[in-house]
Every structure is written in C-alpha cells, then in structure tokens.
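Asks:
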Amino acid sequence: MPIKPLEQKKRQKILLFVGLGAVVITLLILYFSLWKKATPAEETTTSAIPISQRSQSALILEEKLKKIKLDFDFLNEKILSFLKIHGDLPVEKGETGRDNPYVPY
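All letters in the sequence shown, in the order written, are residues 122 to 226 by our numbering.
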C-alpha cells in the first residue's frame, strides 16, 4: 500500500520534532556536564575535611594497619596435606611455534 503524500508530510514533521528534541536534550546534557564552569564557591571547598584532620586520620589508619597480625596456620591443616603437586616445578620454557607461521608445511 503506497504512502499518501499527506501522511508522508505528517510523518516527516513528526520525525523533525523528534530529531530537534533529541538535539536539544543532548545540548542540555553537554552544557550542564561539560561546559558549565564551576562557581568560585565550588572551587574553594573541594573537601569538607581539613588537611590536618585528614593527615591525623591517615596516621590512625596506618597504626591500625601495622597492628594487623596475619596468621598462616591454616596452611598446616590436615586436609591441605592431601593436596599433591601435578607436573614439574618450576615450569621450563619449551619450543614455541614456527619462525613463519604462514609458510605451508
């Protein structure tokens, strides 16, 4: 069934509005995310925590990390003694491929 000229104009008009709407939305997103410059208040208040307090919290965290004791006694459990090594260790590098893989055999 052929499309009538009136229907085609109506369809083109709808597509034009949809296209313009997509362009406007894209431009708004770009403006608010990329091109909008930060206000001076945003530039000066980059962090709510002062530097001295941040360094103090870093020192506390460092002390806590130093106090951590790692216990590797779980490696000596009975169930792990049944595990066996398969293959030769250390693995040695063997022959790798042909010089020119595109040459027929």
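All residues carry an ideal CB built from backbone N, CA and C; glycine is no exception.
For T147, which of helix, strand or coil comes out of DSSP?
Replies: helix
Asks: Which of the three DSSP states, helix, strand or coil, is assigned to F153?
Replies: helix
Asks: Keeping to the same chain, check which residues put their C-beta closer than 6 Å to that of R132; ignore five residues upstream and five downstream.
Replies: none
Asks: Under 7 Å: does the beta carbon of L136 sit that close to some heavy atom of the ligand NAD?
Replies: Absence of the ligand NAD from the depicted structure is noted, as is the absence of any ligand whatsoever, leaving it without description.
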